[in-house]
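The next block holds one structure in the form of structure tokens; read it before the comments.
In this note's numbering, the protein residues as written are 468 to 1380.
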């Protein structure tokens, strides 16, 4: 069966998406679980240990508190309470921390600090609070306030709205505490008020990574049971966020959750009698030791388990002395020793379980890795056919040898699957799939393996390996080809180091700068030395990735399909340019370098220099709102000037009104000002303005799609198709302008400017082939991903973009908008690539070649990276550095699949079967 290069590449990337998804599911496993929940409905609590005497404490202790109120403030950073902001905006809370009946902690959340987004404006939580506090039909009240997190995502931690929200939270806490105290006077039993946060907030207002600002949250336990004496200064202690579950269970007189890995916060029970203290500690230690036994085969060798057994024996001795009514100093000293032993055991057990909390699903990871590597190998072996002038390749799906090998491989893989799934001790996602789905995956693996073997057999049968084209000794690598090859290899190799992943933006900045210098060298050589020194080139689409000269030779392909033109190519367009155009062509690489340098100053990203001030921070400060407004207005005007030149009249009007709506939206939410405004007091959600822009985005996309259908189905008009593609590109630009924050609009302007310069003065005059143009678009797309302020840190994802135009959380549009805003750089450059190749090249196979090259260059890093993270899965920075990058790679390959489908849909190459 014969397939076009683009269709073949799109199918390969789609299979690669399945493989990456399987790998991700195995790499990010479910946490450790207790099996007792399925075996027993309610297991009785462990009795109090005793030696030589029977204890009468065999049941759960009574609750310590009558009522518990948990006030969870989303994104509450520890310094918002314990720092200067707490003193200024939360005076009542600060008084309770410093002088009141409370215990304060800094609770550390484990990265990635990611939670599901949703909008709940905070009035909905407080609306019925007064009525609920007066009722007596509840034991636990949980209040989840999301406003602080929402402000952080939109404006950052330095926004003046943060102070207003903290003051609001302080007044609510005072209301709750006052109500609980008045109830205590009537019932004579203490209540508990818990103030906590689920995660912190980075300096950009987001969260998801492992910085101190994101993982450190305040945890304050407030109760009259925690009375302190005058002069008793209690500094916040560092604890784990998971310790709260065990503490609340003890406080409410409930069993500790079976899967909890936290330890009891001892200050909450230190006012109780010694026997009760030891009882609570023993219950927590028994629960953690059982969880350890069920998840660690060699649990008896664990230090925490040995400490627990020692503490339990000492505890039994203490109980015997206590029941004998021994009140000597020996009893007191032994009790202190037992308590210390329990606390050490709890700390060690909790640490051991935290290390065991994630068990890798190696089988699912292996299956996914095999699929991804098979796809990469098949793409590499298919280069000669896929990048030939016909842009087609033969896929031997129905040959007898292929069928025999396929059935054999399928049977072997099925047998291995049965053996692995029946002998696996731990849970496996791939084994849990239905036989139909698992069988489908094994069919894909078998088919890919047979295709790889078939391609290798053809290659060896022809007797030619990776070599220069022997028929044309004059063909050689250009400097640009060398830069592209070395840059691609260097980037892939850099992914093995955590520092290079944290600072990957530096790699892409270096690569695009080097590319500009290589282009400068090529332009100057053409201008001053002419064509004599220029190696002969292929026409558009007739060279491979990076060059068809070193491509694999296949016996099924004639030399006429791969060879360069024998006649010298037509005179370069640089010689036909007018004087000023020639000077512009010579200056274009330096203009691009200047643009890139300015963009680097806009957003500091990565880890090493992320804390340093940049233009973005200066522009977003409240003191420079006028400057930001002027910059945003000028940027929107420039966007219109650069985009409208190839749009239809209808789309031009829609683009102008849409960009005006973008400014109105930013003014409505208080980011920028109109000329007649002096302040931004009257702010809103900007729903009407944002939806106004969404309408024009959809209108432009609809117009472009209509033109494409008209050109392909009805008129087959090349001009209409070109306009349709540009209008789709324009609609995406308008959507990006809406989702980008105002200070990032220059990123969009420079992207359009660089594309315009390279189209007019580099790609057209120098007549680069489809492969080189594709790689250049890919490199600049990756660079602009980081110019936006993105990084390999989840915290830099702008969640607020997913809510532009929405008044509540709607999953599908929110995910789409967030993904597009994050990957706008690669998407816009890929869209421009389709438009450029469709309008500027005469070769009918250019889009097919571009699709194949794009799929191949995107497959290299993801294939190498899944091997690297597998080998480094026990690395110290696996969760803080390597795993977030893995998520980005997974999302990138999914977007690449969508781009390849778009390439294929726009391709005019006929597919023969």
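Yeah, the Cβ is synthetic: ideal placement off N, Cα and C, and Gly gets one too.
Starting from the Cα of residue i, find the closest Cα among the options and give me that residue.
i: residue 420; options: 906, 721, 714 and 857; result: The first residue shown for the chain is 468 and the last is 1380, placing residue 420 beyond what the model contains.
i: residue 490; options: 1368, 1363 and 1331; result: 1331
i: residue 1080; options: 1252, 613 and 1069; result: 1069
i: residue 1299; options: 795, 1242 and 1259; result: 1242
i: residue 1054; options: 1283, 1335, 898 and 1221; result: 1221
i: residue 609; options: 1180, 1142, 1233 and 537; result: 537
i: residue 896; options: 874, 845, 835 and 841; result: 835
i: residue 844; options: 1252, 1237, 1216 and 476; result: 476
i: residue 1231; options: 1104, 470, 901 and 1049; result: 1049
i: residue 1175; options: 737, 1284 and 1302; result: 1302
Under the three-state reduction of DSSP, which class applies to residue i: helix, strand or coil?
i: residue 671; result: coil
i: residue 1356; result: helix
i: residue 895; result: coil
i: residue 685; result: strand
i: residue 650; result: helix
i: residue 708; result: coil
i: residue 1091; result: helix
i: residue 1114; result: coil
i: residue 539; result: strand
i: residue 862; result: coil
i: residue 565; result: helix
i: residue 513; result: coil
i: residue 661; result: strand
i: residue 1362; result: helix
i: residue 773; result: helix
i: residue 941; result: Its pLDDT being 45, under 50, residue 941 is placed unreliably in this model, and the coordinates cannot settle the point.
i: residue 469; result: strand
i: residue 985; result: helix
i: residue 921; result: helix
i: residue 607; result: strand
i: residue 576; result: coil
i: residue 656; result: coil
i: residue 827; result: coil
i: residue 570; result: strand
i: residue 612; result: strand
i: residue 1039; result: Unreliable positioning characterises residue 1039 in this predicted model, as indicated by a pLDDT of 48, which lies under 50. A coordinate reading is not provided.
Determine the direct distance from the alpha carbon of residue j to that of residue i, and round the result to whole angstroms.
i: residue 966; j: residue 1263; result: 17 Å
i: residue 831; j: residue 494; result: 8 Å
i: residue 1186; j: residue 1102; result: 29 Å
i: residue 1125; j: residue 1201; result: 7 Å
i: residue 1065; j: residue 1254; result: 10 Å
i: residue 903; j: residue 878; result: 15 Å
i: residue 1194; j: residue 1111; result: 9 Å
i: residue 1212; j: residue 1218; result: 10 Å
i: residue 773; j: residue 1346; result: 29 Å
i: residue 504; j: residue 762; result: Only weak support exists for where residue 504 lies, its pLDDT of 48 falling under 50; the value from the coordinates is given anyway. Rounded to the nearest angstrom, the two C-alpha atoms are 14 Å apart.
i: residue 630; j: residue 1358; result: 36 Å
i: residue 758; j: residue 1078; result: 41 Å
i: residue 1059; j: residue 923; result: 43 Å
i: residue 718; j: residue 789; result: 24 Å
i: residue 1121; j: residue 1163; result: 6 Å
i: residue 1083; j: residue 1269; result: 21 Å
i: residue 1128; j: residue 846; result: 45 Å
i: residue 794; j: residue 564; result: 36 Å
i: residue 1283; j: residue 1203; result: 12 Å
i: residue 707; j: residue 616; result: 21 Å
Below 8 Å on the Cβ atoms is my contact criterion, and I expect residue i with residue j to pass it. Report the Cβ-Cβ distance as a whole number of Å.
i: residue 683; j: residue 573; result: 5 Å
i: residue 1192; j: residue 1373; result: 7 Å
i: residue 1167; j: residue 1197; result: 6 Å
i: residue 474; j: residue 1371; result: 5 Å
i: residue 1096; j: residue 1154; result: About 21 Å; that fails the 8 Å criterion.
i: residue 1261; j: residue 664; result: Residue 1261 to residue 664, Cβ: 18 Å. No contact.
i: residue 809; j: residue 750; result: Not a contact, Cβ separation roughly 10 Å.
i: residue 558; j: residue 746; result: Not really, about 39 Å apart at Cβ, beyond 8 Å.
Cβ of residue i versus every heavy atom of the ligand GDP: is any distance shorter than 6 Å?
i: residue 1249; result: Looking at this structure, you won't find the ligand GDP or any other ligand, since it has none at all.
Alpha helix (DSSP H) segments (min. 4 residues) lying fully within the segment 1041 to 1080: 1046 to 1067
Entirely enclosed beta strand (DSSP E) segments - the segment 1237 to 1287, minimum 3 residues: none
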